[in-house]
Amino acid sequence: MGFVMPHVLVLAGAGCAGLALILDIVGVATPEWFKISVSVFGSEISRSQGLWQGCQNGECGDLVSDNLPSACLACVVLMCLMSEQKIFGLLAPVSAAVGAFCCLITFAVYAGESGQSDFGYSFALVIVAFLLAGVAAVLLFLGKSRSSG
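Heads up: the sequence shown is residues 42 to 190, going by my numbering.
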């Protein structure tokens, strides 16, 4: 068994999925899902908040626990163990589509529940990640169907 070059659509889909993952990680990790600045009695107060951290006037504090790295590691181990399975080829487009759907839920719920209108760059990164994950799902599905059919 030699190395077989994947279809160009699979490569493009993998690139989109990788970029979507990076943007989503940065968007979720950074503390600027919304940003607000107000002046109170002549003093400027700035507040920004992400999913995991909130900041006020440059001082930040954590909002959740430290279990996320363990969950990510478990997913990586599972992907490595399953990479030799035939079903893995189908999991790539499905996981990209599920990732896009999860991004959609994330920013839709946050926008609806926060009541904010001044969203920051972190929020925008997750929206771009959603779009890229959707494109990746389509490209991976098309590439899979072209290379197997």
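Glycine residues also receive a C-beta, built at the ideal position from the N, C-alpha and C atoms.
None of these values were measured; they are calculated from a predicted model.
Give the DSSP-derived three-state secondary structure of D65 in the structure shown. In the sequence shown, the residue the question calls residue 65 occupies position 24. Looking at D65 - three-state DSSP - the assignment turns out to be helix.
What's the call for G175, buried or exposed, on a 16-neighbour Cβ count within 10 Å? Numbered from 1 along the sequence shown, position 134 holds the residue referred to as residue 175. Answer is buried; the Cβ neighbour count reaches 16.
Quick one: give me the first and last residue of the beta strand (DSSP E) that F10 is part of. Because the chain spans 42 through 190 in this model, residue 10 falls outside it and cannot be assessed.
Presumed contact (8 Å Cβ cut-off) between R181 and A152, rounded CB distance: Taking the first residue of the sequence shown as 1, we reach residue 181 at position 140. Taking the first residue of the sequence shown as 1, we reach residue 152 at position 111. It should be noted that the sequence gives Leu, not Arg, for residue 181. About 28 Å separates the two Cβ atoms, so there is no contact after all.
Coarse secondary structure for E100, derived from DSSP in three states: Counting from one through the sequence shown, the residue named residue 100 turns up at place 59. Here DSSP, grouped into helix, strand and coil, assigns E100 to strand.
Do A55 and A177 have their CB atoms nearer than 9 Å? Counted from its first residue, the sequence shown places residue 55 at position 14. Counted from its first residue, the sequence shown places residue 177 at position 136. The answer is yes: Cβ separation under 9 Å.
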